[in-house]
Amino acid sequence: MRMVTNFLGSTMLTTDQQQHFLKQGFLVVENVLDPQRDLAPVIDDYAALLDQLASEWCAAGRLRATYRELPFVERLTKIMAESAINVSRYFDISLPDNQVAADEPMHLSEPLFKLITNPRLLDVVECFVGPEILSNPVQHVRIKPPEQVVSGKFDQNFLVRKTGWHQDQGVIRSEADETPTLTVWLPINEATTENGCLCVVPGSHRAGLAPHCPGDDGLTIPDRLLAGEATPVPLKPGSVLLLHRLTQHASLSNRSQTVRWSLDLRYQPIGLPTGREEYPGFVARSRANPALVLTSFKQWEELWRAARERLASAPRRLKHRWSADAPICA
Ligand SMILES: O=C(O)CCC(=O)C(=O)O
Ligand SMILES: [Fe+2]
293 MRMVTNFLGS
303 TMLTTDQQQH
313 FLKQGFLVVE
323 NVLDPQRDLA
333 PVIDDYAALL
343 DQLASEWCAA
353 GRLRATYREL
363 PFVERLTKIM
373 AESAINVSRY
383 FDISLPDNQV
393 AADEPMHLSE
403 PLFKLITNPR
413 LLDVVECFVG
423 PEILSNPVQH
433 VRIKPPEQVV
443 SGKFDQNFLV
453 RKTGWHQDQG
463 VIRSEADETP
473 TLTVWLPINE
483 ATTENGCLCV
493 VPGSHRAGLA
503 PHCPGDDGLT
513 IPDRLLAGEA
523 TPVPLKPGSV
533 LLLHRLTQHA
543 SLSNRSQTVR
553 WSLDLRYQPI
563 GLPTGREEYP
573 GFVARSRANP
583 ALVLTSFKQW
593 EELWRAARER
603 LASAPRRLKH
613 RWSADAPICA
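This is the structure:
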């Protein structure tokens with residue numbers, strides 16, 4: 293099989309893989325990341341964060357105990373079952389789309405920064421985005437507890453519950469419609485049909501942008517407008533799922549006893565709108581001007597802190613291009 297070379301000649305993806313992405317609008321690439329080397333530091337980082345948060349919440353009377361003796365998954369599940377705290381919100385690497393508080397929880401850490409800038413991941417991204425790569429700031433860590441634990445709680449929060457059908461281009465501002473942003477979805481633990489892996493509609497990126505209707509699940513494409521049959525995409529840690537910005541996708545409910553833990557990252561060519569200009573993107577790779585590359589986790593953290601401060605000082609509500617009373621949404 294002929295290997296496809298990216299701009300500097302590294303041979304990460306085959307012609308077949310590239311063709312699959314172009315035709316189907318998604319691609320699974322296995323063994324991009326080493327779970328032990330690349331993912332375990334993220335797991336340890338979150339265990340430490342949960343430990344710190346549980347102590348704070350317990351001291352503030354929001355929790356009966358710290359549950360220090362429990363392993364991470366059981367501890368998180370217990371805390372979300374017992375309290376009204378949306379712990380997933382404290383784990384995310386972004387800010388909410390509505391009003392931001394000065395102390396709005398967000399989590400930025402060195403292990404996350406290392407993962408977002410992982411050279412093997414960027415090699416794969418380079419095959420589609422080119423050698424001048426911006427880390428788009430629309431990015432999330434989703435640690436979803438078993439659905440039964442959160443029934444009746446946390447509304448339809450997208451960090452906690454299943455995600456409805458959408459195209460990533462539909463949920464950003466229209467000024468970024470021409471930006472060829474690539475979504476990279478990667479599991480931290482195994483993503484299965486039982487614990488809520490992603491589903492895609494193969495080839496749906498070729499049908500253009502579908503209307504999205506605001507509702508309980510956020511902005512979603514009505515089922516009758518889906519471009520075909522859904523295919524679940526179970527994934528092992530180390531693998532990544534690449535999505536075209538117009539590929540219709542959703543996630544299943546977590547019907548398991550464990551968490552559904554993933555990162556979704558986005559990358560695009562430098563110099564084009566991100567669709568979230570109020571959040572900080574950064575140069576992750578530049579063959580033309582390597583001096584532009586952000587290499588310091590501290591600087592990345594500083595950019596997000598500054599964005600939070602700016603956003604907290606003004607009223608804010610993100611507007612989408614469709615409204616609930618549009619005829620198509622009736
Ligand atoms: O992980 C999920 O549930 C949804 C992810 C998603 O929509 C995305 O990565 O664009
Ligand atoms: Fe998405």
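Each residue of the sequence shown is one higher than the one before, starting from 293 at the first, in our numbering.
No residue lacks a Cβ here, since even glycine has one placed at the ideal position from N, Cα and C.
Please read all numbers here as calculations on a predicted model, not as lab measurements.
Taking C-beta atoms as the reference points, E482 and A580 fail to come closer than 8 Å.
DSSP places F589 within a helical segment (H, G or I) once states are collapsed to three. Here L501 is not near L533, since their CB atoms are 8 Å or more apart. Residue list for ligand 2: H458, D460, H541 (CB closer than 6 Å to any heavy atom, chain order).
Put simply, of V379, N378, R552, P397 the residue whose alpha carbon is nearest the alpha carbon of S386 is P397. The Cβ-Cβ distance between L331 and Q431 does not fall below 8 Å. The beta carbon of L490 sits closer than 7 Å to at least one heavy atom of ligand 1. Here S375 carries a coil assignment [DSSP, helix/strand/coil].
Taking all protein chains in view, the Cβ of V392 is crowded by 16 or more other Cβ atoms within 10 Å, so the residue is classified as buried.
Within the same chain, Cβ atoms closer than 6 Å to the Cβ of G530 are found at N323, L325, P327, the five residues on either side in sequence being excluded. The residues L345, P397, H399, in chain order, have a CB closer than 7 Å to that of Y382 in the same chain once the five nearest residues on each side in sequence are set aside. Relative to the Cα of R434, the nearest Cα in the group V334, S427, Q311 belongs to V334.
Apart from sequence neighbours up to five positions away, the residues of its chain that approach N390 with a beta-carbon distance below 8 Å are R608, R609, L610, ordered along the chain.
Between E467 and G567, the gap from beta carbon to beta carbon is short of 8 Å. In the displayed model, F318 falls within a strand according to three-state DSSP. Under the criterion of beta carbons closer than 8 Å, T358 and S347 qualify as touching, at roughly 6 Å. By the neighbour-count criterion, in which a residue is buried when 16 or more other Cβ atoms sit within 10 angstroms of its Cβ, A618 is exposed. Excluding sequence positions up to five before and after C505, its CB lies within less than 8 Å of the CB of L511, T512, I513, P514, W614, A616, A618, I620, C621, all in the same chain and listed in chain order.
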